[in-house]
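Report on one structure; see the data block that follows.
Protein chains in written order, with the working numbering: chain X, 45 to 302; chain H, 8 to 175.
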């Protein structure tokens with residue numbers, strides 16, 4: 045009994061410690077972003093590995109999700125004889141929810157895991173200690189470009205996901221199910237407003253980008269210096285980033301959509 | 008790390024296409040600017056605008072010629088809704104043009120339909136359209152139908168009351 049209480053207390057306190065550690069770590073990366081050296085070359089390389097290499101999976105998923113939304117939306121709407129408003133359904137669900145959230149989940153799985161594994165392996169092989177010996181700050185040199193690249197890539201990938209999703213919905217709705225193309229586009233344009241939908245969508249993807257970036261670099265940095273530690277860090281990064289994305293999705297929707 | 012120019016190019020293309028997608032979403036779909044024809048501002052007052060909203064289309068004979076810019080209560084203090092429309096300035100609309108609020112399909116979105124009249128004088132900028140027809144609110148329509156059904160059954164009130172007596 046006493047052991048249970050002790051264990052609970054220890055877990056709580058260590059969680060608070062970890063949260064504080066993440067906050068300090070994030071603050072250091074924000075500080076490094078605005079202070080020289082800028083390390084643009086490193087940033088371009090990281091945008092290539094996190095953004096460009098994630099393009100294929102994000103665009104493919106976007107097109108497929110858009111097609112499924114078109115099909116599902118049609119099946120539901122046709123019961124009410126409202127299948128002409130398919131454009132609104134596909135557009136609103138993609139811009140408000142599916143674009144930012146699914147992109148964040150995909151990027152967490154595709155790039156966040158790679159970031160955590162790479163930094164974790166550098167911890168295990170004492171490369172970060174080597175950097176410290178050369179008085180190079182590993183947060184500045186290793187983590188910050190990766191985090192910034194994730195933060196920059198996320199809204200761009202999300203916007204591309206949405207555009208491909210809209211095209212997928214168009215192909216299914218107009219091409220296969222025979223809805224008028226002009227009606228689809230008009231519905232899309234009248235239902236999506238700049239302030240409520242587009243700004244909210246970009247805000248979401250920026251917040252998700254920051255979450256995925258922070259969690260995956262932090263998990264990599266704090267991984268135990270052995271192969272089991274690297275594997276735990278990678279799994280933890282993907283799981284925690286995905287859960288954080290979904291929780292913050294609710295919070296932003298509640299605050300923004302009210 | 009060895010540098011390859013292809014990689015820089017790909018990053019550039021990725022960032023550019025991402026921004027292009029964002030621009031498409033905010034300008035084309037978000038409609039922060041209206042790209043269609045416009046320039047002629049017209050007012051019309053209605054008793055009831057129903058589900059009409061800013062950016063609802065304004066059409067003549069099914070062709071979109073503009074959109075609703077704003078809806079507010081009339082400044083005259085008569086509690087009517089005043090709709091400001093932005094339509095194609097190249098249109099020569101007679102001053103007896105009628106504006107009515109119509110619905111696409113049964114449950115579709117609402118729009119303003121303009122029906123040009125035969126007058127010789129034309130509507131100028133910021134002119135008021137006087138002939139208007141308000142939106143049909145389906146609840147009121149149903150209410151009126153129920154009311155008229157009730158009224159018609161009032162006449163044979165005695166018969167309907169005698170029915171339960173017959174059963175007993």
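Just so it is clear, CB atoms sit at the ideal spot from N, CA and C, and this is done for glycine as well. In this text the structure is predicted, and so the values were computed from the model without any measurement.
| Query | Result |
| --- | --- |
| With 16 other Cβ atoms within 10 Å as the buried cut-off, status of residue 225 (chain X) | exposed |
| Other residues of its chain near residue 181 (chain X): CB distance less than 8 angstroms, five sequence neighbours each side excluded | 76 and 175 |
| Listed by chain order, chain X residues near residue 18 (chain H) by CB distance under 8 angstroms | 88, 91, 92, 95 and 96 |
| is_contact[residue 15 (chain H), chain X] using C-beta, thresh 8 angstroms | yes |
| Pair within 8 angstroms by beta-carbon distance, residue 2 (chain H) and residue 130 (chain H) | This structure does not reach residue 2 (chain H), given that chain H is present from 8 up to 175, and the question cannot be answered. |
| Inter-stretch contact at 8 angstroms, needing at least 3 Cβ pairs: the region 147–164 of chain X / the region 278–289 of chain X | yes |
| The region 184–201 of chain X touching the region 236–250 of chain X, judged by at least three CB pairs closer than 8 angstroms | yes |
| Local Cβ density within 10 Å of residue 56 (chain X), reported as buried at 16 or more and exposed below that | exposed |
| Beta carbon proximity, residue 21 (chain H) to chain X, threshold 8 angstroms | yes |
| Three-state secondary structure (DSSP) of residue 178 (chain X) | coil |
| Below-8 angstroms beta-carbon distance, residue 59 (chain H) vs any chain X residue | no |
| Nearest to residue 96 (chain H) (by Cα), restricted to the options H:118, H:49, H:106 and H:69 | H:49 |
| Min CB distance residue 36 (chain H) to chain X below 8 angstroms | yes |
| Residue 184 (chain X) - DSSP class collapsed to helix/strand/coil | helix |
| Terminal residues of the beta strand (DSSP E) in which residue 76 (chain H) lies | 70–80 |
| Exposed unless 16 or more other CB atoms sit within 10 angstroms - verdict on residue 117 (chain H) | buried |
| Buried or exposed by the 16-neighbour rule on C-beta atoms within 10 Å, applied to residue 154 (chain H) | exposed |
| At least 3 beta-carbon pairs within less than 8 angstroms: the region 90–101 of chain X vs the region 289–297 of chain X | no |
| Whether residue 254 (chain X) touches residue 267 (chain X) by CB criterion (8 angstroms) | no |
| Cβ of residue 206 (chain X) within 8 angstroms of any chain H Cβ | yes |
| Boundaries of the beta strand (DSSP E) in which residue 64 (chain H) is found, first to last residue | 64–67 |
| Residue 33 (chain H), DSSP secondary structure in three states | helix |
| Residue range of the unbroken beta strand (DSSP E) whose run includes residue 147 (chain X) | Premise fails: residue 147 (chain X) lies in the alpha helix (DSSP H), 143–151, not in any beta strand (DSSP E). |
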